[in-house]
Amino acid sequence: MNGGEVAAHFAAQGLRSTVPPADMHVTIVYSKQPLWWERVPDAPDTLLVPPGVRTVERLGPEGAIVLRFASDALRDRWQQYREAGASHDWNGFTPHVTVTYASEGVDPSKVKPFPGALRLGPEQRRPIEGDWKPRLDEEIPVADLLDKAIVARIPVLIKARPQETGGRRLVEVQASNEAEDWDGDCVLQEALVKGAAGFIASGHLDIDHMSEFGARMGIPDPASYVVGRPLEVKALSNRDTFVLGEISKSLDGTSDPARRQCDMFWESLQRDPPVAWFSSIYGFPTDMVDCSAGECPAGGPARFIIKSIDWRSLAFTRTPKNEALLGKARIVTAKSFMLELAKSLTPPVALPNTMDDVWNARSCPTCEVHKAPSLPGYRRHLALCKGYPSGVADVCAHALMHRHAMDRAIAA
Numbered sequence: 000m001n002g003g004e005v006a007a008h009f010a011a012q013g014l015r016s017t018v019p020p021a022d023m024h025v026t027i028v029y030s031k032q033p034l035w036w037e038r039v040p041d042a043p044d045t046l047l048v049p050p051g052v053r054t055v056e057r058l059g060p061e062g063a064i065v066l067r068f069a070s071d072a073l074r075d076r077w078q079q080y081r082e083a084g085a086s087h088d089w090n091g092f093t094p095h096v097t098v099t100y101a102s103e104g105v106d107p108s109k110v111k112p113f114p115g116a117l118r119l120g121p122e123q124r125r126p127i128e129g130d131w132k133p134r135l136d137e138e139i140p141v142a143d144l145l146d147k148a149i150v151a152r153i154p155v156l157i158k159a160r161p162q163e164t165g166g167r168r169l170v171e172v173q174a175s176n177e178a179e180d181w182d183g184d185c186v187l188q189e190a191l192v193k194g195a196a197g198f199i200a201s202g203h204l205d206i207d208h209m210s211e212f213g214a215r216m217g218i219p220d221p222a223s224y225v226v227g228r229p230l231e232v233k234a235l236s237n238r239d240t241f242v243l244g245e246i247s248k249s250l251d252g253t254s255d256p257a258r259r260q261c262d263m264f265w266e267s268l269q270r271d272p273p274v275a276w277f278s279s280i281y282g283f284p285t286d287m288v289d290c291s292a293g294e295c296p297a298g299g300p301a302r303f304i305i306k307s308i309d310w311r312s313l314a315f316t317r318t319p320k321n322e323a324l325l326g327k328a329r330i331v332t333a334k335s336f337m338l339e340l341a342k343s344l345t346p347p348v349a350l351p352n353t354m355d356d357v358w359n360a361r362s363c364p365t366c367e368v369h370k371a372p373s374l375p376g377y378r379r380h381l382a383l384c385k386g387y388p389s390g391v392a393d394v395c396a397h398a399l400m401h402r403h404a405m406d407r408a409i410a411a
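What follows is the structure, given as structure tokens:
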């Protein structure tokens, strides 16, 4: 599942540690009775649990802090196991994700539930071996989420594929090129290939790594910056590594770039010329060579070579902007990236105080919305071209359309 997003959300709320994101899961059934797995129908490889009513509670004799949520699909799956003969020691079934076992001093009522979608991967079936007990020493201290994580910024442009029949929105992203990276820092192709399975199963695509850092920066609803999921990691013979990803869209097929990050990103790639986006990798290196210690080949990277990485996400980014990095890969700590990102965020725009201010803001040489006024057009213009928050853009767009209607009525 997308444990990285979940862990980042709870880490920003004062927990000392979290279950390793790669180990976060939903237990459907824990059967102490022998069970013939073949009697249970196959399940889909993925399940999306949309945002909904959720709670944070203390659960079980260990006092684990868990995220509870509702899912008809998981309840139906639990029922299939029960009908196949699985035992169940609890009263009923409510899905949950264990966040941490280090619950001493934690008041669940003061911890906000994770608000984003939960993306679950394939089911795993394992025999019970002995009496299981939680191991706090396996949890990841919250400080490590920033101190040990790295961001590798790759200065290559994002390309959109033509939209497929059925409306799928696909992008191709270059994640590494050893030949070009060799003058800067280097993420080896083999590192991304090793981490590909985990990345595809539980990773995500987002904007500026906001789903990882946004909660710490005070960004409202950082999970809304997740714009898609990886489908495939391609390792080419010339040492290029590409990611094929799918950009999310609304269930009803509508597009609203002023309100949804996924629509904003996709629309920006359709412009002529398209908006320039670059790729950036986030994860925990498990084998990284520090070239300052003299362990790298002569003429190779100046600072770091990553040979293995627990790959969590890939971001599309335009900031932070550093012209010195163009043409080179650059590896920084997650903490450094977050601080630089915070400094580079556009300061708040001057919002309109009067209707005259709103009216004067309606014209745009870029999108030319004033030539064919419409409510969706003004929303996009005010949010994307003027930088208004989505709520302000919505109110001002309605005000502009009302002004147009009044002008037409007076003219008649």
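Each residue of the sequence shown is one higher than the one before, counting from 0 in numbering that gives the first Met the number 0.
For each residue, glycine too, the CB sits at the ideal point set by N, CA and C.
Ser201, buried or exposed, once every other Cβ within 10 Å from all chains shown has been counted against 16: Buried, because 16 or more other Cβ atoms sit within 10 Å of the Cβ of Ser201.
Short Cβ contact (9 Å threshold) for Leu73 with Val18: Going by C-beta atoms, Leu73 is not nearer than 9 Å to Val18.
Where Gln173 sits in the DSSP three-state scheme: Strand.
C-alpha gap between Val48 and His95, whole angstroms: Straight through space, the alpha carbons of His95 and Val48 are spaced by roughly 12 Å.
Close beta carbons around His369, own chain, < 8 Å, minus the five adjacent residues each side: Excluding positions up to five away in sequence, the list reads Arg361, Ser362 and Cys363.
Residue of Ala275, Val288, Gly282 and Pro256 minimising C-alpha distance to Ser389: Among Ala275, Val288, Gly282 and Pro256, the Cα nearest to that of Ser389 belongs to Pro256.
Same chain, Cβ closer than 7 Å to Ala392, neighbours up to 5 away in sequence not counted: Answer for Ala392: Ala257, Arg378, Leu381 and Ala382, listed in chain order.
Limits of the unbroken beta strand (DSSP E) element including Phe113: From DSSP, Phe113 is part of no beta strand (DSSP E); its letter is neither H nor E.
Where the alpha helix (DSSP H) through Leu374 begins and ends: Note, Leu374: alpha helix (DSSP H), Leu374 to Arg379.
Extent of the continuous alpha helix (DSSP H) to which Tyr80 belongs: Taken as a continuous stretch (DSSP letters only), the alpha helix (DSSP H) holding Tyr80 covers Asp71 to Glu82.
Burial state of Trp35 (16 or more Cβ within 10 Å): With fewer than 16 neighbouring CB atoms inside 10 Å of its own CB, Trp35 falls in the exposed class.
Opposing strand residues paired with Tyr387 [DSSP bridges]: For Tyr387, which the question treats as bridged, DSSP gives no partner whatsoever.
Beta-carbon spacing of Gln260, Val226 below 9 Å: The answer is yes: Cβ separation under 9 Å.
Paired residues, beta bridge with Ile304 - DSSP: DSSP output for Ile304 lists Cys185 and Val288 as bridge partner(s).
Distance between beta carbons of Ala408 and Met354, contact taken as under 8 Å: Rounded to whole angstroms, the Cβ separation of Met354 and Ala408 is 16 Å, and the two are not in contact under 8 Å.
C-beta atoms of Lys147 and Asp88 nearer than 9 Å: In terms of Cβ geometry, Lys147 and Asp88 do not form a close pair [threshold 9 Å].
Limits of the unbroken beta strand (DSSP E) element including His203: For His203, the uninterrupted beta strand (DSSP E) segment begins and ends at His203 to Ile206.
Assigned secondary structure, Arg228 (DSSP; H/G/I helix, E/B strand, else coil): In this structure, Arg228 counts as strand in the three-state DSSP scheme.
Touch test, the region 102 to 118 against the region 61 to 81, Cβ-Cβ under 8 Å, three pairs minimum: The region 102 to 118 vs the region 61 to 81: in contact.
Buried or exposed by the 16-neighbour rule on C-beta atoms within 10 Å, applied to Ile246: Answer is buried; the Cβ neighbour count reaches 16.
For Thr54, the residue or residues it bridges with in DSSP: Bridge partners of Thr54: Arg67.
Candidates Asp289, Asp22 and Ala314, of which the one nearest Lys306 by Cα: A check of alpha carbon separations from Lys306 across Asp289, Asp22 and Ala314 identifies Asp289 as the nearest.
DSSP beta-bridge partners of Val242: Bridge partners of Val242: Val172 and Val232.
Cβ-Cβ distance between Ile280 and Ala151 below 9 Å: Inclusion of Ile280 and Ala151 in the CB contact set at 9 Å is warranted, their separation being smaller than that value.
Beta-bridge pairing of Ile27 - partner residues as DSSP gives them: BP columns for Ile27 are empty, so no partner.
Member of Arg15, Pro121 and Val186 whose CA lies at the smallest distance from the CA of Asp286: Considering only alpha carbons, the answer is Val186.
Gly282, DSSP secondary structure in three states: DSSP places Gly282 in strand when its eight states are reduced to three.
Status (buried if at least 16 other CB within 10 Å, exposed otherwise) for Ala323: Unreliable placement is indicated for Ala323, whose pLDDT of 39 sits below 50; no coordinate value is reported for it.
Element boundaries [alpha helix (DSSP H), containing Val357]: Taken as a continuous stretch (DSSP letters only), the alpha helix (DSSP H) holding Val357 covers Met354 to Asn359.
Best match in His8, Leu204 and Phe277 for proximity to Pro114 [C-alpha to C-alpha]: Measuring C-alpha to C-alpha distances from Pro114 to each of His8, Leu204 and Phe277 identifies His8 as the nearest.
Integer Cβ distance of Ala21 from Asp309, believed to fall under 8 Å: Indeed they touch by this definition, with Cβ atoms about 7 Å apart.
Coil, strand or helix - Asp393 by DSSP: Residue state, collapsed to three classes: helix.
CA-to-CA distance, Pro43 to Ala83, given in whole angstroms: Those two C-alpha atoms are separated by around 18 Å.
Straight-line gap, Ala6 to Val98 (C-alpha atoms, nearest Å): Taking the straight line from one Cα to the other gives about 7 Å.
Residues that Arg118 bridges to, as DSSP identifies them: Here Arg118 is bridged, per DSSP, to Leu47.
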